[in-house]
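A.B. asks: Residue numbers (our numbering): 79 to 181.
Input: one structure, supplied below.
Here it is, written out as structure tokens:
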């Protein structure tokens with residue numbers, strides 16, 4: 079799972095997004111390898127936007143959720159359950175989840 083904020087770098091924050099992009103590429107590569115080997119395992123790259131968790135309370139971002147619309151953890155859990163609940167012939171290869179109004 080890769081957060082959407084991981085997709086944008088900055089001067090002091092450039093390696094983290096690159097690693098997250100790499101995790102998506104690896105996910106797609108493994109999915110293709112499993113498919114070619116006729117192994118029926120689904121792999122989905124899930125990228126949620128901002129999610130209301132306690133991580134912000136442990137940083138200098140305590141007021142973040144007052145300023146930016148955020149998803150609830152249950153929203154992400156529902157999306158994961160959706161991907162897991164698809165029929166065997168359906169592959170959700172990538173799923174992006176954002177709150178309406180999130181920049």
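Using N, Cα and C, we set each Cβ at its ideal position, and we do this for glycine too.
Looking at the strands, I want to know which residues DSSP matches up with residue 129.
C.D. replies: DSSP, once it has assigned bridges, lists 149 as partnering residue 129.
A.B. asks: Select from 151, 131, 145, 168 the residue whose C-alpha is nearest the C-alpha of residue 119.
C.D. replies: Checking every option, the nearest Cα to that of residue 119 belongs to 168.
A.B. asks: Going by DSSP in three states, residue 104 sits in which element: helix, strand or coil?
C.D. replies: The answer is helix: DSSP assigns residue 104 an H, G or I state.
A.B. asks: Take every Cβ of the region 117-133, pair it with every Cβ of the region 146-164, and state whether three or more of those distances are shorter than 8 Å.
C.D. replies: Yes: the two stretches touch, three or more of their Cβ pairs being nearer than 8 Å.
A.B. asks: Mind checking whether residue 175 and residue 144 have CB atoms under 8 Å apart?
C.D. replies: Result no, Cβ atoms of residue 175 and residue 144 do not sit closer than 8 Å.
A.B. asks: Please report the distance separating the alpha-carbon of residue 116 from that of residue 173.
C.D. replies: Between residue 116 and residue 173, the C-alpha separation is close to 23 Å.
A.B. asks: At what residues does the beta strand (DSSP E) containing residue 174 begin and finish?
C.D. replies: Its beta strand (DSSP E) spans residues 172-175.
A.B. asks: How long is the line joining the alpha carbons of residue 100 and residue 93, rounded to whole angstroms?
C.D. replies: The alpha-carbon atoms of residue 100 and residue 93 are separated by roughly 11 Å.
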